[in-house]
Amino acid sequence: MHTSADRQDRHQYPAHWEADVVLRDGGTARVRPITVDDADRLVSFYEQVSDESKYYRFFAPYPRLSAKDVHRFTHHDFVDRVGLAATIGGEFIATVRYDRIGADGLPASVPADEAEVAFLVQDAHHGRGVASALLEHIAAVARERGIRRFAAEVLPANTKMIKVFTDAGYTQKRSFEDGVVRLELDLEPTDRSMAVQHAREQRAEARSVRRLLAPGSVAVVGVGRAPGGVGRGILGNIREAGYAGPLHAVNKAFPEDLKEIDGVPAYRSVRDIDGHVDLAVVAVPAEHVPAVVAECGEHGVQGLVVLSAGYAESGPEGRERQRALVRAARAHGMRLIGPNAFGIINTAEDVRLNASLAPEPPRPGRIGLFAQSGAIGIALLSRLHRRGGGVTGVTGVSTFVSAGNRADVSGNDVLQYWYDDPDTDVVLMYLESIGNPRKFTRLARRTAAAKPLVVVQGTGTAPQGHAVRATRLPYATVSALLRQAGVIRVDTITELVDAGLLLARQPLPAGPRVAILGNSESLGVLTYDRCVAEGLRPARPVDLTTEATAEDFHRALADALADDTNDAVVVTAIPAIGEGSPGDAELAEALRSAAAAVPGKPVLVVHVELGGLAQALSAATSTAPGAPGAADRTPGARAERPSAAPSAPATEPPAPLVPPAPPAGQASPASPQDGTRLIPAYPAAERAVRALAEAVRYARWRREAADPGKVPEFDDIDEKGAARLIGELLARGEGLTISAEHTCELLGRYGIPVRRALPAPGPDAAVDAARALGYPVALKATAPHLRHRADLGGVRLDLADEEQLLRAYAELTELFGPPEELRPVVQAMAPRGVDTVVRAVIDPAAGAVLSFGLAGAASQLLGDMAHRLIPVTDREATSLVRSIRTAPLLFGWRGSTPVDTPALEELLLRVSRLVDDHPEVVAVTLEPVVVAPHGVSVLGATVRLAPPPARDDLGPRTMPAY
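Next up, the structure:
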């Protein structure tokens, strides 16, 4: 019997070391510390390990563990001796342990900083990446306990374990003596170790989603005996979509003699199904879900889609039910979409899965679609399905995921899948909340570098049922950080579809220069004005007049595309009048053929009251050699106008035009693998121009992301001295805003001088301060309600002598009260310039953020601030200065003298380095920073210190805790 002393050697059980992880094959496991209660599990685990693996672990035949071994491997002090286990279903599948050693290789205690490490993985789980995941976790534990190096001795024949160590990316040494390979690993994370970790994370999470979206077999649990109901509807949708794998219907209420329903094999339990089941779609009441999950886990089901409601969205009781659901699924190594999900769709020819509640499945296409909301998912799928002004028919969906409460699988997981999915060219996401902004921005940046990512972001208030990390950043700041990561941020689902259609089938524009042509001068001018408002550079619209023929449109579009001064073309069209007016199909064919000749530039169409044109655009056929009717469809040839169709209102999605197939072996630059290029047609100029502007900004980001710049080194930075000062100050308290004297000292160690401000509690003290600083001086009130508010009169500048100083002092005290309320200070005058503000803050959810704007009303009232994630590169600092709307004031607006922006950019880089080097610096404010024609002057500064928040992006791979 174990005593309490056995259970607790030197430290309490470290529950924060527990974590769920996604393995290489997409399954999951739980990592946790090994305790004295695990003796039986350890013995059972060891019995299932092969003799060869035991030999590799102990360097000798070792058929069974002795009682002494079991005691040793289950009793840990969680400091010098630590053991971790990877478990599935509560049983061990792998173990790792370290023992702290001294320089002589013998057991030691703190302050020894080296430990021996050893692994043992059950043979049935070899190749799943279990040892790699355990190495990440045991290394994080070791760093927490002051261990800096691991030593491992491995037999040369144990190549798999040697590879685990050598592939980890840590700095290491390798030697060979006495027939054993000795490896030494420095546990400090490196750029390579983080890159290896992120690559493994991507592969594992992508495969876990792929197992859900492309299952080899599916069971629908909760299929009703009578027509109707969610389960029966899901079963019908899967059948009608032509799902390629085995399909099973499950309901515990089925009669024992019922063998099939709707032609699908029927079972009373998942356990009764012969053969494996990859995916279970669960549509039973919430109170019955736990039993279903247990059955699925026992049968080896790989993933779940839970449509059932009654979870966190319903209140505290439902939230606890949701936690239990996630824990149960992960205990069996299953990933979970939902609960309260709308379902999933995969239109790939070899899958054809519609496990959703969508009344009509989308057509196959190249767009990946993610929606947390079922209602929004329905709306998006409907827009993508609709013809004659609808997106699909020609541009459809590759995969669709509605995550519901996203208790497990989230937008981050699906992004990992879409990143290298060859069937997806554009990603559209509707996010009501972002659970892990730091990870999302990292994944978004990588994804956006490969394919467009368009996001509608919720307003910042998470729906009930969503577990979201608290963030102190304003909604606008989070949006700015997403844009910095390459995300195309839009505000509505209409804009989401508009941008998605353009990006899915048109090339990215090389710049902002836009040609406008059409048969309506007014519509051309309206389009021109919208281009200017969106920051584009439109040329004067070309008016073809209302008598323009299809040949006129073809010629004008061909000329505009051939002009090197144009990066994109917007064609405007209204109903024509007269006998010579082109039919809708004829006009569509003329535009298509002209665009096909120059495939490297995007073309968009704005149509008004031309519903027939929208239909023709989505129905136009190819004129490639051998295409039906190709010989009869030349520009200018009359085509019979189709029967009139209702005009598309401004809320309808745009319609696309099908172009010709490219020559054999040649693909359009903007085309996916099928070579199809589409011209989108929008029922309103503002929608077309907004989509084009987003494409222009995204293309610019792609070009800049190819060379992001570098974080510069500064020779005069005293990093160690700053660390000592921070340590001394933090020793006095958990978190504090440090004094002005210490603020100046800390900033000075990073080459950021702050102009001295001497207190002036009385007139005589003000005079003494001015003499010490030298005239001219400024007199400022620093009371909280007057600080940085020159507009209230609390600042007097350019005081040239004692007389002016005393008069100003008297005026301030007369206006605002006694000195003890005003807290006046005297400061030497800085060169004239533009007043700006620089801030840095560490947000627990998003990470460290650097912000810049002009001081005063511009930043406070109008919110004109720009933001970048820290560390900031030299190119990002340059763009940060130019990103605010009031940036022209820095560059000689209306004849003013341009200021020293290079000096300002250097200041931003130094602040970024300070916060990046010392995470204890949780907030910095420099205000005002006067940027003069030559140099910058920091007139006010505050710094706040606190113990650094946890950085889960630097730790081992883990799934969100539940």
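Residue 197 is where the sequence shown starts when you use the numbering used here, and the numbers rise one by one after that. By construction, the Cβ of each residue, glycine as well, lies at the ideal position given by its N, Cα and C atoms.
Could you have a look at G944 and say whether DSSP puts it in helix, strand or coil? Taking the first residue of the sequence shown as position 1, residue 944 is located at position 748. Helix, per DSSP.
Report the partner residues of E915 according to the DSSP bridge assignment. Residue 915 sits at position 719 when you count from the first residue of the sequence shown. E915 is not bridged to any residue.
Skipping 5 residues on each side, what residues in its chain have a beta carbon closer than 7 Å to that of R1106? Numbered from 1 along the sequence shown, position 910 holds the residue referred to as residue 1106. Within the same chain, R1106 has close Cβ partners F910, Y946, G947, I948.
Quick check: the Cα distance between Q1023 and R893, rounded to an integer number of angstroms? Residue mapping note: residue 1023 aligns to position 827 of the sequence shown, counting from 1. Residue mapping note: residue 893 aligns to position 697 of the sequence shown, counting from 1. Their backbone Cα atoms lie some 44 Å apart in a straight line.
Cutoff 6 Å; reference T1121; Cβ partners in own chain excluding five residues on either side: For the purposes of this step, residue 1121 is taken as the residue at position 925 of the sequence shown. If we look at T1121 and ignore the five residues flanking it on each side, its Cβ neighbours are R1035, T1138.
With K369 as the anchor, note down where its beta strand (DSSP E) starts and where it stops. Translated into the one-based positions of the sequence shown, residue 369 becomes position 173. Start and end: 367-373.
For a quick check, are the C-beta atoms of V278 and H272 less than 9 Å apart? Indexing the sequence shown from 1 puts residue 278 at position 82. Indexing the sequence shown from 1 puts residue 272 at position 76. Against a cut-off of 9 Å, the Cβ pair of H272 and V278 comes out as a contact.
What separation, rounded to the nearest whole angstrom, lies between the Cα atoms of A490 and R519? On the sequence shown, residue 490 is found 294 positions in, with the first residue counted as 1. On the sequence shown, residue 519 is found 323 positions in, with the first residue counted as 1. Spanning the two alpha carbons is a distance of roughly 15 Å.
Return the bridge partner residues of T595 from the DSSP annotation. Looking up residue 595 in the sequence shown gives position 399. Its beta-bridge partners are N542, G564.
Rounded to whole angstroms, what is the Cα-Cα separation between A177 and A681? There is simply no residue 177 to check, as the chain begins at 197 and stops at 1158 in what is shown.
Where the beta strand (DSSP E) containing L500 begins and where it ends: Locating residue 500 in the sequence shown gives position 304, where the first residue counts as 1. Run containing L500: 499-502, per the beta strand (DSSP E) assignment.
The beta strand (DSSP E) that contains D1039, what's its start and end? Here residue 1039 refers to the residue found at position 843 of the sequence shown. Note, D1039: beta strand (DSSP E), 1030-1039.
Quick check on the burial criterion: 16 or more other C-beta atoms within 10 angstroms. Buried or exposed for R928? On the sequence shown, position 732 is the one that residue 928 refers to. By the 10 Å Cβ count, R928 comes out exposed.
Residue closest to M1061, alpha-carbon to alpha-carbon, out of A711, S1079, A889, P1094: Indexing the sequence shown from 1 puts residue 1061 at position 865. Ranking the options by Cα distance to M1061, first place goes to S1079.
Assign G570 to one of two classes, buried (16 or more other C-beta atoms within 10 Å of its C-beta) or exposed (fewer than that). As a first step, residue 570 is located in the sequence shown; it is residue number 374 there, counting from the start. The residue is buried, with at least 16 neighbouring Cβ atoms inside 10 Å.
According to DSSP, is M357 part of a helix, a strand, or is it coil? On the sequence shown, residue 357 is found 161 positions in, with the first residue counted as 1. Helix at M357.
Quick check: what's the CA-CA separation for L379 versus D1031? Numbered from its first residue, the sequence shown carries residue 379 at position 183. Numbered from its first residue, the sequence shown carries residue 1031 at position 835. Roughly 56 Å separates the two Cα atoms.
My output table needs one value for K906: the three-state DSSP class, helix, strand or coil. Your numbering for residue 906 matches position 710 in the sequence shown. If DSSP states are grouped into helix, strand and coil, K906 belongs with coil.
Neighbourhood of A881 by C-beta distance below 6 Å, restricted to the same chain and skipping five residues each side: Here residue 881 is taken as the residue at index 685 of the sequence shown, counted from 1. For A881, the CB contacts under 6 Å within the same chain, skipping 5 residues up- and downstream, are L722, T723, R726, V802 in chain order.
Quick check: A314 and R226, are their CB atoms within less than 9 Å of each other? Looking up residue 314 in the sequence shown gives position 118. Looking up residue 226 in the sequence shown gives position 30. In this structure, R226 does not lie closer than 9 Å to A314 by Cβ.
What does the Cβ neighbour count give for M390, buried or exposed, with the cut at 16 atoms within 10 Å? Indexing the sequence shown from 1 puts residue 390 at position 194. When all chains shown are included, M390 counts as exposed.
Quick test of the definition: if touching needs 3 or more C-beta pairs under 8 Å, does the region 893-903 touch the region 1101-1118? By the Cβ test, the region 893-903 is not in contact with the region 1101-1118, since fewer than three Cβ pairs between them sit closer than 8 Å.
Quick one: give me the first and last residue of the alpha helix (DSSP H) that R736 is part of. Reading the sequence shown from its first residue, position 540 is the one you call residue 736. Neither: R736 is in no alpha helix (DSSP H) and is coded neither H nor E.
Euclidean distance between Cα positions of L316 and L1065: In the sequence shown, counting from the first residue as 1, residue 316 sits at position 120. In the sequence shown, counting from the first residue as 1, residue 1065 sits at position 869. L316 and L1065: Cα-Cα distance of roughly 40 Å.
Distance cut-off 8 Å: L753 Cβ against heavy atoms of the ligand FAD: This structure does not include the ligand FAD; it has no bound ligands of any sort.
Give the straight-line distance between the Cα atoms of H472 and A462, rounded to the nearest whole angstrom. As a working note, residue 472 is residue 276 in the sequence shown. As a working note, residue 462 is residue 266 in the sequence shown. Whole-angstrom Cα-Cα distance: 15 Å.
Note down, in chain order, each residue of its chain lying with its Cβ closer than 6 Å to the Cβ of V597, except the 5 sequence neighbours on either side. For the purposes of this step, residue 597 is taken as residue 401 along the sequence shown, with counting starting at 1. Result list for V597: I540, F566, V610, in chain order.
With E509 as the anchor, note down where its beta strand (DSSP E) starts and where it stops. As a first step, residue 509 must be located in the sequence shown, where it is residue number 313. Here E509 belongs to no beta strand (DSSP E), and DSSP marks it neither H nor E.
Touching or not, the region 1095-1103 and the region 1068-1077, by the rule of three or more beta carbon pairs under 8 Å? Contact between the region 1095-1103 and the region 1068-1077 is present, because at least three Cβ pairs lie under 8 Å.
Checking the sheet assignment: what are the DSSP bridge partners for H1063? The residue labelled residue 1063 in the question sits at position 867 within the sequence shown. DSSP lists S1047 as partners of H1063.
In terms of residues, what are the limits of the beta strand (DSSP E) holding D216? Residue mapping note: residue 216 aligns to position 20 of the sequence shown, counting from 1. Segment 215-218, the beta strand (DSSP E) holding D216.
Do P955 and P1020 have their C-beta atoms within less than 9 Å of each other? The residue labelled residue 955 in the question sits at position 759 within the sequence shown. The residue labelled residue 1020 in the question sits at position 824 within the sequence shown. Result yes, Cβ atoms of P955 and P1020 sit closer than 9 Å.
Going by other Cβ atoms of all chains shown within 10 Å of its Cβ, with 16 needed for buried, is P876 buried or exposed? As a first step, residue 876 is located in the sequence shown; it is residue number 680 there, counting from the start. It counts as buried.
For G279, write down the residues that DSSP places opposite it in a beta bridge. Translated into positions along the sequence shown, residue 279 becomes position 83. Its beta-bridge partners are R293.
Nearest-angstrom Cα distance between C236 and S305? If you number the sequence shown from 1, residue 236 lands on position 40. If you number the sequence shown from 1, residue 305 lands on position 109. With the sequence shown as reference, residue 236 is identified as Asp, and Cys is not the correct amino acid for it. Taking the straight line from one Cα to the other gives about 29 Å.
Give the secondary structure of H981 by DSSP, where H, G and I count as helix, E and B as strand, and everything else as coil. On the sequence shown, residue 981 is found 785 positions in, with the first residue counted as 1. Of the three classes helix, strand and coil, the one that applies to H981 here is coil, per DSSP.
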